[in-house]
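Taking our numbering, the leading residue of the sequence shown gets 40, the next gets one more, and so forth.
Heads up, the beta-carbon is just placed ideally off N, CA and C, and yes, glycines get one too.
Below is one structure; the comments refer to it alone.
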Amino acid sequence: MCSSVVSLHNRKKRSFVLVEVLVSLVLFSLLFCTLGFWQRHLLISSKRNEQLYKVFLQENNAYKKLRELFRFTSQFESLSSESLCSVVFDRGVYRDPELAGEVAAILYYNEQFQRLELCIRSLKNQDKMEIFVLLDHVSRVYCTPSFRHLENTDFPDRIGLHIYRNSPNSQRERLLVYQFAVGK
40 MCSSVVSLHN RKKRSFVLVE VLVSLVLFSL LFCTLGFWQR HLLISSKRNE QLYKVFLQEN
100 NAYKKLRELF RFTSQFESLS SESLCSVVFD RGVYRDPELA GEVAAILYYN EQFQRLELCI
160 RSLKNQDKME IFVLLDHVSR VYCTPSFRHL ENTDFPDRIG LHIYRNSPNS QRERLLVYQF
220 AVGK
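Here it is, written out as structure tokens:
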């Protein structure tokens with residue numbers, strides 16, 4: 040009789056241990072599922088932020104390059120159908136001596152690749168040139184020179200750029216409006 044009481048007591052104890060193990064496994068699985076969910080959430084938000092920072096950095100670099108271009112402009116050529124504007128500007132010291140000093144720059148919209156590009160070419164050697172991609176995902180661009188003094192229509196005081204840009208992640212179109220002083 041004594042042995043049957045002991046075995047009954049051991050059986051109850053074993054089932055209690057089994058329930059504890061099952062509860063602990065369920066709690067661990069809930070904990071790991073929660074940790075996995077938050078890790079995935081943080082990874083997705085960090086990738087989204089990285090893409091936004093890339094867009095912001097590209098717009099910032101394009102603005103700086105265009106501001107430098109128009110600030111040191113010495114000649115302005117008329118707008119043509121294939122380019123937004125064409126200028127001659129002083130680039131100053133540059134790593135390539137043929138592309139330093141006075142150079143020609145052509146700002147144009149590449150419709151095939153939907154990019155705003157800047158082509159800088161040497162005035163001394165017509166074959167020497169560099170092409171910079173200023174902005175990607177551009178749907179359309181308008182360049183408007185403004186003349187403050189009507190007697191001098193060859194050289195504008197300001198250049199306005201209206202750039203319509205599609206975001207790679209959303210369907211909305213953004214408008215970037217830049218206004219640059221020319222030759223100041």
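Val172 beta carbon less than 8 Å from that of Leu200: Val172 sits away from Leu200, with the two beta carbons spaced by 8 Å or more.
Extent of the continuous beta strand (DSSP E) run through Glu169: If you look at Glu169, you'll find it in the beta strand (DSSP E) that goes 168-174.
Endpoints, beta strand (DSSP E) assigned at Glu212: Looking at the DSSP string, the run of the beta strand (DSSP E) that includes Glu212 is 212-220.
Proximity winner among Tyr147, Arg187, Thr112, relative to Gly131 (alpha-carbon distances): Gly131 has its Cα closest to that of Thr112, out of Tyr147, Arg187, Thr112.
CB contact flag (Ala139, Arg160, <8 Å): For Ala139 and Arg160, no; Cβs fall outside 8 Å.
Buried or exposed by the 16-neighbour rule on C-beta atoms within 10 Å, applied to Ala101: Buried, since its Cβ has 16 or more Cβ neighbours within 10 Å.
Sheet register partners of Ser161 (DSSP bridge): Bridge partners of Ser161: Val142.
According to DSSP, residues forming a beta bridge with Leu64: The partner list for Leu64 (beta bridge, DSSP) is empty, contrary to what the question assumes.
Residue span of the beta strand (DSSP E) that contains Tyr181, given as start and end: Looking at the DSSP string, the run of the beta strand (DSSP E) that includes Tyr181 is 177-185.
Best match in Arg197, Phe128, Ser206, Glu169 for proximity to Val221 [C-alpha to C-alpha]: The residue with the shortest Cα to Cα distance from Val221 is Arg197.
Nearest-angstrom Cβ-Cβ length linking Tyr217 and Leu105, presumed shorter than 8 Å: Contact annotation, Tyr217 with Leu105: C-beta distance approximately 6 Å; criterion of less than 8 Å satisfied.
First through last residue of the beta strand (DSSP E) which encompasses Arg204: Annotation: the continuous beta strand (DSSP E) that includes Arg204 extends over 197-205.
Rounded C-alpha distance that separates Phe186 from Gln78: Computed Cα separation, rounded: 56 Å.
Spatially closest choice to Tyr148 from Glu141, Leu174, Glu137, by CA coordinates: The option with the nearest alpha carbon to Tyr148 is Leu174.
Beta-carbon spacing of Leu146, Leu123 below 8 Å: Less than 8 Å divides the Cβ of Leu146 from the Cβ of Leu123.
C-beta contact flag for Glu150 and Ile170 at 8 Å: No, the Cβ-Cβ distance between Glu150 and Ile170 is not below 8 Å.
Pro136 versus Phe76 - alpha carbon distance: The straight-line gap from Cα to Cα measures roughly 55 Å.
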